[in-house]
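A short write-up of the structure that comes next.
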Amino acid sequence: MRKEVVIEVKNGKVKETINSFLSELLEKNLVSALLVPREVPSKDNVVQSLVTTSEGLKEANVFAPVLPVNSAEIISKMTRLTSYKSPVGIILKPCEIRALIELVKLEQASLDNLLIIGVDCLGTYSVSDYQNLCRQGNSPFEELVKKFKEGKEDTQLREACRVCEYPVPSNTDLTVGLIGVDFLKGILLKSCTEKGEEVLEKFSFPEFDQSKEREKLVSKYINEKIEKRDGLFSQTKEEVGGWENLLSVFSTCIGCHNCMRVCPICYCRECFFESPTFEFGSEKYLGWAQRKGSIKMPKDTILFHLGRMNHMATSCVGCGMCEQACPSNIPLLKIFKTVSHNVQEIFDYVPGRNLEESLPLTTFRENELQSVGEE
Amino acid sequence: MADFEPKIVGFLCNWCTYAGADLAGTSRMQYPPNIRPIRVMCSGSVDSAYVIRALLEGADGVLIGGCHPGDCHYVSGNYKERRKITVLKSILKTLGLDDNRVWIRWISASEGKRYADTISEMTSYLKKLGPNPLRKQWSL
């Protein structure tokens, strides 16, 4: 099943190289369309677009280090009602694929006839940082590559990415490899399923002969990330631990619920926290205020965040979209990632790892957690 | 705090714990009047959000009562609730918040005594623990 090949890169033109591979996928009719990140006309952002002609791939930029939305939500929108009858390629970053796997388990998306092409991720900037870098006339990807090659951490990257332990995609049909690969000379293309292999068979790329070196470098890179992640965990516990700190962290929340809307895991059509359950008559408010002396308005800020955490922590992939969308700059990523990590550990569950693993809250084992309820 | 009387919100399943509470009552068993029972059809229907809400509103304790493992009227609601409460407790712990105010107990319809004992135990535990600090917290 596994086949690893190299696509030669001429003059360091990484983006153009992969784009010409993608347009061949269309020309050879291997896919009828591609969902691919594409530069907007003003050249200062990248958005996913469903492309059917190679013309549209000219501005494709699959390596752009920016993630305006987690594309798992887009795929869900595209496939929830009907799945595809002919192959469609989707080009995603690792956290997008992991979220997509969770959405499939939640029956919110279908992988039928999708060719998943995952791209190694060196991290992403916030949308506004990305825009600023572009407007200053820099290529954000080239800048990022420069620092990556020097082994320096780019502190401008989103925190979610700086502590992300999944830089290499899993559950793909094809993986585009950068880490541990001299990608300015040749990009790694790896087939991970039969579907992926069938695609590669239509091409005659030379074989990749540095698998072992790549594996070593990837695991070294991941270990560095895990160390940073664990640092973030202990820092978070110190910073937000206890009611006083927690209330202060969320004190700037304006209740816009953006974090919920952009969260790929928060799929409910009607959020419980926006349901009529939370519509009260005037006397209710008065009663609460009289009981406590006073109450904050709007009410239920902490309830929303803690409640949402309980609903999605088992599947949180740590993409940090919540934090990127927060107008009050609440450090949501570190809180949700820390909490989710501990929850997922209890069930030995890693979101996005395996389609066959049931969601922790939809299943159970009889002989588990026996101390709960028996203290 | 000698005269502190904790308030406990109880989510009791219709088939087991609520019937157990009934039995405790009809058997004239004595237990502290600190619990406010809410009858639910299954412990598995108790979403963590309701538990959190009770705590944020100032309840000193929350008790979720369900059928013994294996005895759920709906086969597996209590097993699923056990997972939900495990998640909730883990989240509270990670955030440095007290998870000991949330109890989940399996009490069957025939265990009136166990119900009365559980309420006594929980009440005296909460008396020692003191009032929920969120009782007077307005900025939640």
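Sequences listed follow chains A and B, in order. Under my numbering, the first residue of the first sequence carries the number 430, and numbering increases by one thereafter. Under my numbering, the first residue of the second sequence carries the number 3, and numbering increases by one thereafter. Note that the Cβ used here is the ideal one computed from N, Cα and C, for glycine as well.
Exposure label - residue i; buried when at least 16 CB within 10 Å
| i | result |
| --- | --- |
| Arg-431 (chain A) | exposed |
| Val-53 (chain B) | buried |
| Gly-547 (chain A) | buried |
| Lys-439 (chain A) | exposed |
| Trp-140 (chain B) | exposed |
| Phe-637 (chain A) | buried |
| Arg-794 (chain A) | exposed |
| Asn-812 (chain A) | Nothing in the structure corresponds to residue 812 (chain A), since chain A is present only between 430 and 804. |
| Pro-8 (chain B) | buried |
| Asn-783 (chain A) | exposed |
| Met-124 (chain B) | buried |
| Met-726 (chain A) | exposed |
| Tyr-650 (chain A) | buried |
| Asn-796 (chain A) | exposed |
| Gly-710 (chain A) | exposed |
| Val-628 (chain A) | buried |
| Leu-507 (chain A) | The residue you asked about is not Leu; residue 507 (chain A) is Met in the sequence shown. Burial call: buried. |
| Gly-660 (chain A) | exposed |
| Lys-514 (chain A) | exposed |
| Pro-497 (chain A) | buried |
| Gly-441 (chain A) | exposed |
| Ile-683 (chain A) | exposed |
Proximal residues of chain B, C-beta to C-beta of residue i below 7 Å
| i | result |
| --- | --- |
| Val-801 (chain A) | Arg-84, Ile-87, Thr-88, Ile-106 |
| Thr-767 (chain A) | Thr-96 |
| Gly-781 (chain A) | Per Cβ cutoff of 7 Å: no residues; Gly-781 (chain A) is ~18 Å from chain B at best. |
| Val-669 (chain A) | Leu-97 |
| Pro-789 (chain A) | Arg-85 |
Cross-chain neighbours of residue i in chain B, by beta carbon under 9 Å
| i | result |
| --- | --- |
| Ser-757 (chain A) | Under the 9 Å cutoff, chain B gives no residues; its nearest Cβ is about 15 Å from Ser-757 (chain A). |
| Val-491 (chain A) | Chain B residues near Val-491 (chain A): none, gap ~36 Å exceeds 9 Å. |
| Lys-713 (chain A) | Going along chain B, no residue has its Cβ under 9 Å from Lys-713 (chain A), so there is no contact; the nearest lies around 12 Å. |
| Val-772 (chain A) | Thr-88, Val-89, Ser-92, Ile-93, Thr-96 |
Neighbourhood of residue i by C-beta distance below 7 Å, restricted to the same chain and skipping five residues each side
| i | result |
| --- | --- |
| Cys-688 (chain A) | Cys-751, Ala-754, Cys-755, Leu-761 |
| Arg-137 (chain B) | Gly-60 |
| Thr-681 (chain A) | Ser-757, Ile-759 |
| Gln-585 (chain A) | Tyr-554, Asp-558 |
| Asn-674 (chain A) | Glu-668 |
Listed by chain order, chain A residues near residue i by CB distance under 9 Å
| i | result |
| --- | --- |
| Pro-135 (chain B) | Trp-672 |
| Ile-54 (chain B) | Ile-731, Leu-732, Leu-735, Gly-736, Asn-739 |
| Lys-138 (chain B) | Lys-721, Gly-722 |
Candidates the options, of which the one nearest residue i by Cα
| i | options | result |
| --- | --- | --- |
| Phe-577 (chain A) | A:Pro-598, A:Pro-523, A:Leu-646, A:Pro-780 | A:Leu-646 |
| Val-517 (chain A) | A:Asn-561, A:Glu-803, A:Ala-501, A:Leu-454 | A:Leu-454 |
| Thr-511 (chain A) | A:Thr-446, A:Glu-536, A:Arg-658, A:Ser-478 | A:Glu-536 |
| Arg-38 (chain B) | B:Gln-139, B:Leu-14, B:Met-31 | B:Leu-14 |
| Leu-463 (chain A) | A:Thr-791, A:Val-435, A:Ser-471, A:Ile-503 | A:Ile-503 |
| Arg-658 (chain A) | A:Val-768, A:Lys-444, A:Val-533, A:Pro-470 | A:Val-768 |
| Val-491 (chain A) | A:Ser-483, A:Glu-468, A:Thr-482 | A:Glu-468 |
| Gln-799 (chain A) | B:Pro-34, B:Ala-51, B:Pro-71 | B:Pro-71 |
| Ile-93 (chain B) | B:Ser-50, B:Asn-80, B:Cys-69 | B:Ser-50 |
| Val-495 (chain A) | A:Leu-788, A:Asn-542, A:Gly-552, A:Thr-622 | A:Gly-552 |
| Val-48 (chain B) | B:Ala-23, B:Lys-115, B:Asn-36, B:Arg-85 | B:Arg-85 |
| Asn-549 (chain A) | A:Asn-474, A:Gly-566, A:Tyr-595, A:Pro-497 | First, the amino acid is wrong: residue 549 (chain A) is Asp here, not Asn. Checking every option, the nearest Cα to that of Asp-549 (chain A) belongs to A:Tyr-595. |
| Gln-560 (chain A) | A:Lys-472, A:Gln-477, A:Glu-803, A:Lys-514 | A:Lys-472 |
| Val-610 (chain A) | A:Ala-501, A:Asp-602, A:Ser-640, A:Ser-723 | A:Ser-640 |
| Thr-791 (chain A) | A:Val-801, A:Tyr-778, A:Glu-803 | A:Tyr-778 |
| Cys-524 (chain A) | A:Pro-780, A:Glu-803, A:Ile-436, A:Tyr-696 | A:Pro-780 |
| Thr-743 (chain A) | A:Glu-531, A:Ser-483, A:Ile-526 | A:Glu-531 |
| Lys-519 (chain A) | A:Val-678, A:Asn-600, A:Ile-608, A:Ser-555 | One point to set straight first is that residue 519 (chain A) is Ile, not Lys, in the sequence displayed. Among A:Val-678, A:Asn-600, A:Ile-608, A:Ser-555, the Cα nearest to that of Ile-519 (chain A) belongs to A:Asn-600. |
| His-734 (chain A) | A:Ala-718, A:Arg-698, A:His-686, A:Lys-713 | A:His-686 |
| Leu-25 (chain B) | B:Leu-142, B:Glu-113, B:Val-42 | B:Glu-113 |
| Cys-700 (chain A) | A:Arg-737, A:Phe-679, A:His-770 | A:Arg-737 |
| Asn-458 (chain A) | A:Arg-643, A:Glu-656, A:Phe-632 | A:Phe-632 |
| Phe-679 (chain A) | A:Phe-570, A:Pro-470, A:Phe-765 | A:Phe-765 |
Nonlocal neighbours in the same chain, by C-beta distance under 6 Å from residue i, ignoring five residues either side
| i | result |
| --- | --- |
| Ile-106 (chain B) | Ile-66, Ile-87 |
Interface residues of chain B facing residue i [CB-CB closer than 8 Å]
| i | result |
| --- | --- |
| Thr-743 (chain A) | Val-89 |
| Ile-775 (chain A) | Thr-88, Val-89, Ser-92 |
| Leu-455 (chain A) | The premise fails here: Leu-455 (chain A) is roughly 45 Å from chain B at the closest Cβ pair, so nothing lies under 8 Å. |
| Leu-798 (chain A) | Arg-84, Arg-85, Thr-88 |
Where residue i meets chain A, residues with beta-carbon distance less than 7 Å
| i | result |
| --- | --- |
| Pro-71 (chain B) | Glu-795 |
| Leu-128 (chain B) | Those within 7 Å of Leu-128 (chain B) in chain A number zero; the least Cβ separation is about 14 Å. |
For residue i, the three-state DSSP class (helix, strand or coil)
| i | result |
| --- | --- |
| Trp-672 (chain A) | helix |
| Gly-27 (chain B) | helix |
| Tyr-33 (chain B) | coil |
| Trp-105 (chain B) | strand |
| Leu-735 (chain A) | helix |
| Gly-716 (chain A) | helix |
| Thr-446 (chain A) | helix |
| Lys-619 (chain A) | strand |
Partner residues on chain A for residue i, Cβ-Cβ distance less than 8 Å
| i | result |
| --- | --- |
| Ser-29 (chain B) | Chain A residues near Ser-29 (chain B): none, gap ~23 Å exceeds 8 Å. |
| Ser-141 (chain B) | Leu-676, Ser-680, Lys-725 |
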